[in-house]
Structures are given as structure tokens and as C-alpha cells.
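*Asks:* Residue numbers (the working numbering): 67 to 779. Before I ask anything, here is the structure I am working with.
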């Protein structure tokens, strides 16, 4: 009898959700009565976050996306759980969320000497893909994957529909895994093949892997709800029905008095504040901060580009004030001139751009200065960007056309049409004398090293300065070194230095803590370096010495990189020995030959995106490939992720199963009132062990030749 009752309830639930699904289609016909179609299609209601991060209602996700480039950082508190998350809209059709979960009811480990009384922390990654954009008649369709790598606390998959009707968003989803534990409907994939009827067991092994074999398997549930935009613009109200029964939660079986949750979201400036009532017995709250990576900018107080007068300051070649022109090129266009070549009809300047990361802005500023200083007899300007004394790219400017456009003598001025970038020409090389590139050089940088989710403390950090310097013999050959000075840190909380876990691999990185603990001043590197352009589009370098904090040795690299090409490739090879953490100048016995074939590709079908493939042998003598994905936004900020796949098995690798990480690269220009070049990089590597670990070379040709086809501008 009980079984019959349960069956009736499930049939009733199916009928209820089928009714709602059909209602979505019917209601869409009335949408035009409440709102102009273009308005609601461009700015759909329903873009607030759920508890776990990612667009959704309260506990459940929806198919809605944010605006491209939106980044939302949030904190939510739900009694047993606290969530810290960051949600990024990488493309209009793809959203990603990274999350840390604090489980209040569990300890990090049962060993007080290892982790004290710290509560359990867990990392999670979500991804959502839009398959169909909402139209007048059709709902938005998306598929999502929650917590698909790692320990799988909340591992689940869902397919969702969303439809807007006036101020209301309707959401209907089917979920598996954590989202489908209530099992209020049968799994449709189970009707196709029996392999989808049961979901394989939970987290096993070392974590970090994507368990494809569990996707869309086992019990399924329908869930969803509505989000109502009230007439008072800052306030949204939410109601949802969820498909999770909370029986197998990591925090323990949670009491659930109702499947219905209710919530409100209030927006103030860039902040969203949320309050909700869940499971019929739990109050939760949260806050998120919202900004867009495309739109971040910094007010500048640069001198405006020079206006062109009717006549230049020099009437002939002999009248040119070269010192004044070079001074103005530096002060007004950020170009340090190291050499120049002047003839009756052509003037070439060689040097480095240090201020303007936008090449078009830099060339326009330089062109205006040269046009105002050089006589009308000069028909062509050449700007040759160099690194040291190594020429990288030349920009050839049609002087007469440039002046017409710069003086706004055409209907639609187009300065970019007056110049072209190209590889270094033979006459440009023949007339170049890099004598001014020899001498001493110095610099200072700040650094910030951070690590999350440690047993000793959730957040550990180290900060200080990197003092670097050296001597360049001719702009191509130099000796350089870096001293690292720790100013403040909490790395003294490390209870353990060398990783105590069993490892079948050489300890090439897992003793990294030995190198950073209790060391205030260290020699980061000290090496001899040579690099040059050895053929059209082909660059080479050779280096040797203390190459990074943990290794020293010798190496070489070749790179083929055409100007403004979306493809570059080359290889590096290195023979290195492990450095001592007790003596900056000593070595241990471990030696290895390591190197990679390197491919850098900017695919045309993924705008502002670069894929990098490094294929070869790593420090632990394992072989494989590292894939790096990088997305650049209009502000210049780059968000990236990487993973190394080698012939080392997950069991051999240990916790995490393979090397992977994320990073944020930020232009210094966003923090300065004057235009500047240079970038800072903030990495996040959840777990770094010995497999898939490359040598950190002090100089890479892809970095030194970035002017040829810039990606991270």
C-alpha cells in the first residue's frame, strides 16, 4: 500500500511539472503585452546568484547567463555550510564558477597536530553552457555541471529551461546527482540504456578527476521556480522547488521539512544582498560584489596627443632637432629611442615602448610628434620596436597620408590605415647600431604568493620585493640576477615542509615549502643569457646558471613567430639540477633533461582567446602535454586555466590526480594615473605535486617577442 502511495505521488509530481512546462510555452505568447521584445531579450531578469555561486534561484541553478565579462564574487552562509565563490561569464554562452566550501560540522582532519580545530574545506568548480538563446517563442536552454572535479561534495548535472514573461522569469530544470537525489521523476536516459539507471559510487581515489562515468546517471529530479522583479527596482523575489533530499550531504543528513525555498535579493550599487528561507527550517544570507572585466578602466592624466600645425618645425633634414624629437617621443609617447637613421625621404627610430600597451595609441602619438618635427620632404616614418638590441617588429608609416588623417582633412579619419606592421626588413637591420643598449640595468618588483585550503590555516601568504639587475654587454648578451626579500608572511604556520605522502616520483616540487619557510632573503636566480633574431620570423636564446628558485642548469629555445599571426611555435630543451634549500649556491644530486615543443594559437572562432600546448618531458621525467587556456577582456585583464596530462597515473601522482591551476593576469596600467606597461599575475593552484611540473625558465621567447603578435595587451 505504501508503495502504491509513493507511485501516485510521483505521478502527481510528474503531472505538476509537465503542466508548468507547457505553461512556459503558452505564457510566451503574452510576453509582448508586458514588455518590448528587444528590451527583455537583451536584459533578462534572473541574473542574480544562487547560494553555491553561479546564476540561479536559491539552492538551484537556472539556464540564465550574465553579461559577457561579468565577475561576481560572493559569500553565503547556510547554517551547516559557508560558501566563497567567484562566477565569471567567459563568453555569452559559457559561465564558470570556482568555489570554496566550509563545512561547519566536520573537521579538516581527525589529527589535531595536523590541522588543529580547523573545519573541513573543499574546492569546487562548476561550468554552464547555453545551447539555445531565448527567442520570442522558445525558452533559453542550457546544460550545467556542478562540482565536476575534485571530491564531488555537490557533484551534479542539469538541463534547464528559462522563459521571461513580463517581470517574471520561469525556470524548469532536470537534475542528476546532488540536484536529483529526491528522485521525483524517472531518469529518461535510463529508458535508453540500463547503464544510466544507477549512479556509480561517490568520491574515490585522489580527487581532482572529472568523473565522466557518472554524468546523467542514477536518480533524477525535476526542480525549478520563479524570480519576480518587483516594481521597486533593487528588489527581486524568488521561490523554488528543489530536487535534493539532503540525505547524503557531506555535513551529515540534514533535516528537510519542505522542498520549497523562498528568498529575496536586494541590489545596492555593485553589491547584491540576499536573504532566504530553506528546507522549511533554515535561514540563509549572502552578499556578492559585481563588476565587469571588459569595463574596468583607470582615469589617466597623460598629456594629450600633439596637435599638428600647418608646417613642421624643421624645413629640411639639416634643421632636425633630433635630441628634442627623441625627448618628446619619450615624454609624450613613451618610446625610448636607442638609435635612429635619417635620410632625405625616410626616418627610422629604434627603441622600446614602455608606456602604451595599445599599439595603435602608441603609433599615433609617435606619428604626430615625428610629423611636427620632421620636414615635409620625409615621406616615410619607420618605428622599430626592440627588446634590448634585438629588433622585433617595424611599423611603416606613410607620412603624407598620416598627416591628412591626423589633421582631420578627410570625412572619416582613419589613422590606422596609414601604417602597417611587418617583419624587420634587411635595410632596417643594416642601418641599426645598438651601441646604446650596453650597460647596467636594475629594477624592483613586488610579489605576492598565496595558497588556499591548507591544513594549518585556510589562507597562507607571503609578500615582499624582487630586486633584479645585471649588465648587458651588447643588448643581446647579458648577466642577470634576482634577490627575493620576504617582508611579511604567515608561512611560519606550516607544520610540515616536505610532503609526507608516499610518492613514486622524484620530489621535484613537493618539497617547495622548504624553499619558502624561514628564509627572509634568497637568491631567486643568477644566469648568463643570449638571444637574437637569427632569421626572418625566427628567434633563439641560450641561457645558463641558477635559473629558478629550485633548479639551475643550461638551456636553449627556438621560436618561430610571424608578425600579427594567430599561430607561433617552437621548442626548448634544458639540462638542470635541483638546487639546495639550505645553501643558495649548492645543489642536490637530482638531474634531469627536460624540454617541450610549444604551440601558441589564437583561434578565430574564439575571440580574444589563446590556447597554448607544451608537449614534452617534465622535471619528474614524466611525458605529456600541458594545455593552457587564456581569455582576454577589453580592459586587458586575462583569465586563464591550465592542466598537465602526462603518463603518470592518478595513483602515482597522489592527491589531485594531475597538475592544474588558474590565474589572473592584470595590467599595471589599471592602477596608474599615467599610462604604463607591465603585468602582474595572481595564480591559484589547488594542489601541486610532482607530476606535470615544468621548469620555470627566467626568460621565455614568447614573452620577449610579445610585440610581434601581442595577446595580453
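Ideal Cβ positions, reconstructed from N, Cα and C, are used throughout, including at glycine.
(1) Mind checking whether residue 587 and residue 528 have CB atoms under 8 Å apart?
(2) What are the boundary residues of the alpha helix (DSSP H) that includes residue 616?
(3) Who are the Cβ neighbours of residue 332 in its own chain at under 6 Å, not counting the five residues just before and after it?
(4) Which residue comes first and which comes last in the beta strand (DSSP E) that contains residue 312?
(5) Any chance the CB of residue 196 is under 7 Å from a heavy atom of the ligand MG?
(6) Can you grab the Cα-Cα spacing for the pair residue 761 / residue 685, in whole Å?
(7) Taking the beta carbon of residue 288 as the centre, do at least 16 other beta carbons fall within 10 Å, making it buried, or is it exposed?
(8) Would you please state the rounded distance, in angstroms, between the beta carbons of residue 234 and residue 294? I believe it to be under 8 Å.
(9) How should residue 597 be labelled, buried or exposed, when 16 other C-beta atoms within 10 angstroms of its C-beta is the threshold for buried?
(10) With a threshold of 8 Å, are at least 3 pairs of Cβ atoms found where one atom belongs to the segment 546-561 and the other to the segment 211-219?
(11) Is DSSP giving residue 203 helix, strand or coil here?
(12) If you draw a straight line from the C-alpha of residue 658 to the C-alpha of residue 687, how long is it?
(13) Considering only residues of the same chain and omitting the five flanking positions on each side of residue 520, which have a CB-CB separation below 7 Å?
(14) Out of 602, 181, 185, 284, point me to the one whose CA is closest to residue 221's CA.
(15) Using C-beta distances below 6 Å, list every residue in its chain close to residue 490, excluding the 5 sequence neighbours before and after it, in chain order.
(16) Identify whether residue 401 lies in helix, strand or coil by the three-state DSSP scheme.
(17) So if DSSP puts residue 161 in a beta bridge, which residue, or which two residues, is it bridged to?
(18) Looking only at C-alpha atoms, which of 698, 667, 673, 759 sits nearest to residue 768?
(19) Please report the distance separating the alpha-carbon of residue 236 from that of residue 424.
(20) Taking just the CA atoms, how far does residue 383 sit from residue 677?
(21) What residues in its chain sit with their C-beta under 6 Å from that of residue 391, if we drop five residues either side in the sequence?
(22) Can you grab the Cα-Cα spacing for the pair residue 185 / residue 353, in whole Å?
(23) So residue 494 is in the alpha helix (DSSP H); what residue range does that whole segment cover?
(24) Tell me whether the beta-carbon of residue 113 lies closer than 8 Å to the beta-carbon of residue 362.
(25) Looking at the structure shown, is residue 581 part of a helix, part of a strand, or coil, going by DSSP?
(26) How about the segment 134-141 and the segment 175-182: do they share at least three Cβ pairs that are nearer than 8 Å?
(27) Could you give the distance in angstroms between the alpha-carbon of residue 260 and the alpha-carbon of residue 280?
(28) Beta-carbon separation of residue 401 and residue 412 under 8 Å?
(29) Going by CA-CA distance only, name the one from 590, 499, 496, 158 that's closest to residue 531.
(30) Check whether the segment 158-167 and the segment 319-330 are in contact - that is, three or more C-beta pairs closer than 8 Å.
(31) According to DSSP, simplified to helix, strand and coil, what is residue 504?
*Replies:* Well, looking at it:
(1) No, these two residues do not count as a Cβ contact at 8 Å.
(2) Residue 616 -> no alpha helix (DSSP H), and no H or E assigned at all.
(3) 300, 301, 339
(4) Annotation for residue 312: no beta strand (DSSP E) segment contains it, and DSSP assigns it neither H nor E.
(5) With respect to small molecules bound, the structure shown includes none, and the ligand MG cannot be examined in it.
(6) 7 Å
(7) buried
(8) 5 Å
(9) buried
(10) no
(11) coil
(12) Computed Cα separation, rounded: 7 Å.
(13) 526
(14) That would be 284, whose Cα lies nearest to the Cα of residue 221.
(15) 457, 460
(16) strand
(17) 155, 194
(18) 667
(19) CA-CA distance, residue 236 to residue 424, rounds to 44 Å.
(20) 48 Å
(21) 439
(22) Spanning the two alpha carbons is a distance of roughly 22 Å.
(23) 492-496
(24) no
(25) helix
(26) The segment 134-141, when compared against the segment 175-182, does not touch it at the 8 Å Cβ threshold.
(27) 13 Å
(28) no
(29) 590
(30) no
(31) If DSSP states are grouped into helix, strand and coil, residue 504 belongs with coil.
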